[in-house]
Structure formats: structure tokens, C-alpha cells
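Residue numbers (this note's numbering): 176 to 379.
Beta carbons are placed, not taken as given, at the ideal position from N, Cα and C, and that holds for glycine.
Below is one structure, written out as C-alpha cells; comments come after it.
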Amino acid sequence: MSQQQANPETEIHPLIAGRWSPRAFDGNRAVESEKLKACLEAARWSASCYGDQPWRFIVADKSSHPDNWQKLFNCLAEGNKIWAKHAPVLILACASQTFAHNNNPNRWGEYDAGQAMMSFSLQAVAEGLICHPMGGFVPDMAREAFAIADGFTLMSVTALGYQGAAESLPEQYNMVETATRTRKPLSEIAFTAWNEPWQTQENS
Numbered sequence: 176m177s178q179q180q181a182n183p184e185t186e187i188h189p190l191i192a193g194r195w196s197p198r199a200f201d202g203n204r205a206v207e208s209e210k211l212k213a214c215l216e217a218a219r220w221s222a223s224c225y226g227d228q229p230w231r232f233i234v235a236d237k238s239s240h241p242d243n244w245q246k247l248f249n250c251l252a253e254g255n256k257i258w259a260k261h262a263p264v265l266i267l268a269c270a271s272q273t274f275a276h277n278n279n280p281n282r283w284g285e286y287d288a289g290q291a292m293m294s295f296s297l298q299a300v301a302e303g304l305i306c307h308p309m310g311g312f313v314p315d316m317a318r319e320a321f322a323i324a325d326g327f328t329l330m331s332v333t334a335l336g337y338q339g340a341a342e343s344l345p346e347q348y349n350m351v352e353t354a355t356r357t358r359k360p361l362s363e364i365a366f367t368a369w370n371e372p373w374q375t376q377e378n379s
């Protein structure tokens, strides 16, 4: 099986270096409930503004709730359905648009939901699982399918499971699965002032 490792400019934790977004899932292997719960628990303990915890998750586990899994799968973009059909678990992440304690707009809710899903993803790596977040789904369809309350923004669907063989993917996805991971250099994203690259003392 392929494993895309990060090539960082400085050493980072192996959990972070080992996190990537494969599309090849082992469709014959379910995710153990203890591991799924651990991923959700990691998300639960993520940071949030005022400790508001604005995230909510629809958990669609094919092994225990196949009807729910199918409903969420039906909401995916066609391109994602090609490979996500083998993922045993789909997670729909939602973010509250208001704070619970005063009902004021929470402009950090979506950011916090993203933090929670990163915690989820890193726990998945620790459990020997893979996950792939998707923006390609139909929010209105998912909202209706799961009777999601107004005031929540539907952010992403994440596929979770065990890694499968890259060779099982269609050619266009197989090439991406085995490609080298790349990221913009720090000089393009970390600044001391806008567009002035941050540097360590050793490099200045």
C-alpha cells in the first residue's frame, strides 16, 4: 500500500507527517466501534471559542447503520462516490452559526469545527485508520435527509476506514494516490509583515 509522508522543512510529529487523504479504502473491513469512538472523543476535546463546542457530527457507520450511511453517501458529489463507496464510515461535520450562551453570531464556529475535525483526523492516524475530508457534497440534500436544524452550516463529509490498495482505484485517482505530497514553502505562508517572509535567526 502507498503511504504519502510529508517532507517538512523541519522535523514534525510523526502523527502529523503521516496524515494524508487517501482515496483507497478497504471496503471489506469495518471500523471498530472503540476506534470510531476514540476519533469522535478526540474531536470533542478540541479547542473552541468560549468553549462553545459549536460542532455537531452525523455519524454514518455502514456496519451498524447502513441506511444512514446510504443517505449520506447519496449526498456526495459524483466524483467522490467513485471511491467513497468503499469507506465504511462517513462523518458529516456541522458548525453552529451562533453561540449557545447568548445566541450571538459566532464567526469562529466554522474554524472551530475544522479544528475538531483535525483532532479527529490525527486520532484516526493514531488508530491505524485513514480519513479523507470532502467538500464535494450537496448540503441542502444532507440537511433534509438528516433533519438538521436551521442555524447550522454543513461543512464537510469525511470518509473514515482502513487503507486499501491504490490499484483498486480508477486510473485518474490511482495517479494522485501515489504522487509525491507537496506544500507551499513557509516563506509563502508565514510572514513578519504581509508578504515579508518570516525567518529564523539562523536563516536571517
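### Query
Does the region 278-292 come within contact of the region 212-223, defined as at least 3 CB pairs closer than 8 Å?
yes
### Query
Once you ignore the five residues that flank R231 on each side, which residues in its own chain have a CB closer than 6 Å to its CB?
C269
### Query
Excluding five sequence neighbours on each side, which residues of the same chain lie with their C-beta closer than 8 Å to the C-beta of L361?
E184, P372, W373
### Task
Determine the contact status of E285 and T353, defining contact as a CB-CB distance below 8 Å.
no
### Message
Using DSSP's beta-bridge definition, name the partner residues of Q347.
### Response
DSSP lists no partner for Q347.
### Of the residues K246, G303, P229, the one placed nearest Y337, counting alpha carbons only
G303
### Query
Helix or strand or just coil, what does DSSP make of S271?
strand
### Query
From Q245 to K237, what distance separates their C-alpha atoms?
8 Å
### Query
Can the beta-carbon of S343 be found closer than 8 Å to that of R194?
no
### Message
I'd like to confirm the pairing. Which residues does DSSP put opposite V332 in its beta bridges?
### Response
L267, M309
### Continuous alpha helix (DSSP H) stretch holding V436: start and end
Here the chain comprises residues numbered 176 to 379, so residue 436 is not present and cannot be evaluated.
### Query
So, is L267 buried or exposed, given that buried needs 16 or more other C-beta atoms within 10 angstroms?
buried
### Message
Output needed for G310: all residues of its chain with C-beta closer than 7 Å, excluding positions within five of it in sequence on either side, in chain order.
### Response
S331
### Query
Among M350, K212, V313, L215, which one has its Cα closest to the Cα of C250?
V313
### Query
Which stretch, first to last residue, makes up the alpha helix (DSSP H) that contains W244?
241-249
### Between the CA atoms of D287 and S208 - distance to the nearest angstrom
25 Å
### Message
With DSSP as the reference, identify every bridge partner of P183, one or two as the case may be.
### Response
DSSP, once it has assigned bridges, lists no residue as partnering P183.
### Query
What residues are listed by DSSP as bridge partners for R231?
C269
### Query
When the distance is taken between beta carbons, is S196 closer than 8 Å to A307?
Per the sequence shown, residue 307 should be read as His rather than Ala. Yes. Within cutoff.
### Task
Give me the Cα-Cα distance between F200 and A340, rounded to the nearest whole angstrom.
7 Å
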